[in-house]
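For the sequence shown, the residue numbers in the numbering used here are 31 to 233. All residues carry an ideal CB built from backbone N, CA and C; glycine is no exception.
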Amino acid sequence: MSDRFGELWERTGGFPGLVQSSLPPVALVAANGLWGLHPAIAVAGGVALAVAVWRASRGQSLRPAAGGLIGVVISGSLAARSGEARDFFLADIAWYGVAAVLLAISVLIRRPLVGVVWSVLRGAGPSWRHDPASLHGYDLATAVLAAVFATRFAVLHHLYTRDEVGWLTVSKILMNYPLWALALAVAVWAARRSGRRLAHCTA
Numbered sequence: 031m032s033d034r035f036g037e038l039w040e041r042t043g044g045f046p047g048l049v050q051s052s053l054p055p056v057a058l059v060a061a062n063g064l065w066g067l068h069p070a071i072a073v074a075g076g077v078a079l080a081v082a083v084w085r086a087s088r089g090q091s092l093r094p095a096a097g098g099l100i101g102v103v104i105s106g107s108l109a110a111r112s113g114e115a116r117d118f119f120l121a122d123i124a125w126y127g128v129a130a131v132l133l134a135i136s137v138l139i140r141r142p143l144v145g146v147v148w149s150v151l152r153g154a155g156p157s158w159r160h161d162p163a164s165l166h167g168y169d170l171a172t173a174v175l176a177a178v179f180a181t182r183f184a185v186l187h188h189l190y191t192r193d194e195v196g197w198l199t200v201s202k203i204l205m206n207y208p209l210w211a212l213a214l215a216v217a218v219w220a221a222r223r224s225g226r227r228l229a230h231c232t233a
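Following this line, the structure appears as structure tokens:
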């Protein structure tokens, strides 16, 4: 099971991927203060592209870099259209809000997404849904993940309304690692607990 979580972690880029995803917004804020918005958007895009080239040169998966580059293109387009640097973060804020709502709904309808996704990754059926303890564990893991997205949405939305571009970047980075670590820890706990229970039941 730990191997599967390790594989999933690597698919998202792992710790280097988290660090690399922080570079484009940092570059945007720094360049915006020096040269203005449109050059800053170009710099952020260049940094995202450089990350992709760097990963390719090291034989690493391009999936995280490609996702980051697409995100920068979308975010840069929104900022360029409005002429406001804060709109570089608008797509992220919207995504956090939508994700929090979807995760919360999945718990309410007793289809917690952490359990659904994990069973798909394992190639297993929905047997965990018929074990109350396993279902409760995945409910908790999904609720924690929903809280992570909701927290990021609330903080970034507040800073967005105040046009605090610098703090938007700082908050995005500072909340990234501890909140994701918490969510991952609870997800691992729920999956291992469920796996032990189902193995015992079928033994």
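Quick one: using the 10 Å Cβ neighbour count with 16 as the cut-off for buried, is L189 buried or exposed? buried
Given A220, which residues of its chain have a CB within under 7 angstroms of its CB, disregarding the five upstream and five downstream residues? V144, G167, Y168, L170 and A171
Are the segment 102–113 and the segment 52–67 touching, with three or more C-beta to C-beta distances below 8 angstroms? yes
Select from G113, A211, V150 and L204 the residue whose C-alpha is nearest the C-alpha of P69. Ranking the options by Cα distance to P69, first place goes to G113.
From W197 to V150, what distance separates their C-alpha atoms? 38 angstroms
L58 versus P162: straight-line alpha-carbon distance, rounded: If I take the Cα positions, the gap works out to 48 angstroms.
Rank L64, E194 and A96 by C-alpha distance to the C-alpha of L79 and give the top, closest one. A96
Can you give the Cα-Cα distance for A173 and S136, rounded to whole angstroms? 9 angstroms
Under the three-state DSSP convention, the category Q50 falls into: helix
My understanding is that V178 touches L132, with C-beta atoms under 8 angstroms, so please give their C-beta distance in whole angstroms. Actually they do not touch by this definition, with Cβ atoms about 13 angstroms apart.
Is the CB-CB distance between A115 and V195 below 9 angstroms? yes
Cβ-based neighbour list, R140, same chain, cut-off 6 angstroms, excluding 5 preceding and 5 following: none
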